[in-house]
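In our numbering, the protein residues as written are 25 to 363. We treat Cβ as the ideally placed atom computed from N, Cα and C, and that holds for glycine. Notes for the one structure printed next.
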Ligand SMILES: Nc1ncnc2c1ncn2[C@@H]1O[C@H](COP(=O)(O)OP(=O)(O)OP(=O)(O)O)[C@@H](O)[C@H]1O
Ligand SMILES: [Mg+2]
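Next comes the structure, spelled out in structure tokens:
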């Protein structure tokens with residue numbers, strides 16, 4: 025995969041934050057502020073598959089939704105090919121949305137159950153006035169084939185409920201690529217499917233990158249999937265990016281205690297659940313520390329109370345192109361850039 029990787033940055037997130045205010049209720053009182061993303065710095069290189077990995081609630085979907093501009097960042101800046109898209113509106117936003125598309129965990133989020141597959145996949149062409157009605161069916165058949173549905177003619181007049189979950193996800197991918205986007209955000213596209221279907225979806229995503237030249241952000245909670253599919257990985261913990269680097273390197277030589285904990289939690293990589301390789305995770309969380317400290321302090325078995333509880337950690341260069349956000353990497357050099 026690495027030989028195909030280019031160094032040109034296509035997408036950049038600079039100190040991007042997103043906050044949600046939850047509604048209050050009779051039990052808990054007033055609303056609470058949730059920091060879903062906290063000053064995220066990230067860049068995607070043209071033609072790569074970048075894995076955003078983290079446990080449930082870590083902010084992965086939020087990050088994807090900001091990139092495709094289903095939502096707007098509260099702070100920071102997002103650029104595509106150098107153009108600031110953070111607060112685009114109107115016509116410019118519609119143009120941007122032609123170039124960046126999202127595949128959701130649940131294909132029903134992008135497929136209308138009452139519309140045929142042909143109409144669902146053609147809809148972005150119609151909305152964006154691309155090609156003539158005569159071209160549409162040809163393009164629909166082509167992308168259905170790219171998405172692994174063949175013979176494509178067998179699927180066009182069916183409805184989503186007449187397909188299996190794996191086939192529905194392929195249709196959702198076909199719809200997302202019909203406008204030939206330069207960037208595709210795939211949000212846990214296989215987490216509702218069994219393993220054999222997952223492998224097929226991975227192959228399709230690789231095909232989208234290889235044949236269409238799209239850059240892909242692949243969102244997952246699974247280190248095993250990220251290792252299989254991605255060129256580079258970013259590990260996210262409760263809204264904080266904590267480690268970033270080439271996929272092989274991050275998985276074979278993880279540096280951040282949270283990345284190590286994720287690898288311990290992966291049956292294939294950890295030796296056994298009772299004997300973790302790294303053992304960086306506390307059995308029970310510590311009480312909340314001040315927001316100034318390390319975001320992982322409460323769960324980190326290695327944390328040093330004074331340092332880690334009180335001071336936000338610095339980015340450290342821990343390998344070629346690999347950086348980690350931790351106080352406890354003494355030999356590592358300060359990182360020049362985290363993007
Ligand atoms: N619309 C919303 N209103 C309030 N809080 C939200 C909203 N959307 C997300 N959150 C909160 O933001 C945080 C990040 O959520 P997000 O859905 O991005 O996580 P995730 O990593 O995609 O999780 P999962 O793996 O379960 O999909 C969570 O604490 C979530 O509860
Ligand atoms: Mg999610």
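Check: DSSP three-state assignment for residue 143, whether helix, strand or coil; Outcome: helix
Check: Exposed unless 16 or more other CB atoms sit within 10 angstroms - verdict on residue 150; Outcome: exposed
Check: Identified DSSP bridge partners for residue 336; Outcome: Paired residues: none, contrary to the question.
Check: Backbone CA spacing between residue 186 and residue 141 [nearest angstrom]; Outcome: 10 Å
Check: Residue interval of the beta strand (DSSP E) (run including residue 214); Outcome: Residue 214 -> no beta strand (DSSP E), and no H or E assigned at all.
Check: Residue 171 beta carbon less than 8 Å from that of residue 154; Outcome: no
Check: Per-residue DSSP class, three states only, for residue 358; Outcome: strand
Check: Distance CB(residue 167)-CB(residue 201) smaller than 8 Å; Outcome: yes
Check: contact_flag[the region 54-71, the region 29-42] where n(CB pairs < 8 Å) is 3 or more; Outcome: yes
Check: Sub-8 Å separation of residue 278 and residue 324 beta-carbons; Outcome: no
Check: Ordered list of beta strand (DSSP E) runs contained in the region 95-154, each at least 3 residues; Outcome: 99-104 and 124-127
Check: Residue 124 and residue 104 closer than 8 Å at C-beta; Outcome: yes
Check: Residue ranges of each alpha helix (DSSP H) within the region 146-196, 4 or longer; Outcome: 157-170
Check: Enclosing alpha helix (DSSP H) for residue 274 [first to last residue]; Outcome: 271-276
Check: Beta carbon of residue 184 nearer than 8 Å to that of residue 127; Outcome: no
Check: Span of the beta strand (DSSP E) around residue 261; Outcome: 256-261
Check: Residues that residue 246 bridges to, as DSSP identifies them; Outcome: Paired residue(s): none; residue 246 is not in a bridge.
Check: Residue 47 in three-state terms, based on DSSP; Outcome: coil
Check: Near ligand 2: residue 113 beta-carbon under 7 Å from a heavy atom; Outcome: no
Check: Coarse secondary structure for residue 33, derived from DSSP in three states; Outcome: strand
Check: Within 8 Å, strictly: CB atoms of residue 198 and residue 145; Outcome: yes
Check: CB of residue 77 within 8 Å of CB of residue 245, strictly; Outcome: yes
Check: beta-carbon residue 212 near ligand 2 non-hydrogen atom, thresh 7 Å; Outcome: yes
Check: Spatial neighbours of residue 211 in its chain, beta-carbon cut-off 6 Å, leaving aside the 5 residues before and after; Outcome: 85, 88, 128, 129 and 243
Check: Given residue 263 as reference, the closest of 79, 55 and 161 once Cα atoms are compared; Outcome: 79
Check: Own chain residues within Cβ distance below 6 Å of residue 283, not counting five before or after; Outcome: 259 and 267
Check: Which of helix, strand or coil DSSP assigns to residue 93; Outcome: coil
Check: Where the beta strand (DSSP E) containing residue 306 begins and where it ends; Outcome: Per DSSP, residue 306 belongs to no beta strand (DSSP E) and is neither H nor E.
Check: Whole-angstrom distance between residue 315 and residue 336, CA atom to CA atom; Outcome: 8 Å
Check: Residue 59 - partner residues in DSSP beta bridges; Outcome: 43
Check: Whole-Å CB distance - residue 307 paired with residue 322, under 8 Å assumed; Outcome: That pair is no contact at about 12 Å.
Check: C-beta atoms of residue 250 and residue 75 nearer than 8 Å; Outcome: yes
Check: Expected contact under 8 Å - CB spacing of residue 100 and residue 41 to nearest Å; Outcome: 6 Å
Check: Residue 173 beta carbon less than 8 Å from that of residue 193; Outcome: no
Check: Simplified DSSP state of residue 348, which is helix, strand or coil; Outcome: strand
Check: CB contact flag (residue 255, residue 73, <8 Å); Outcome: yes
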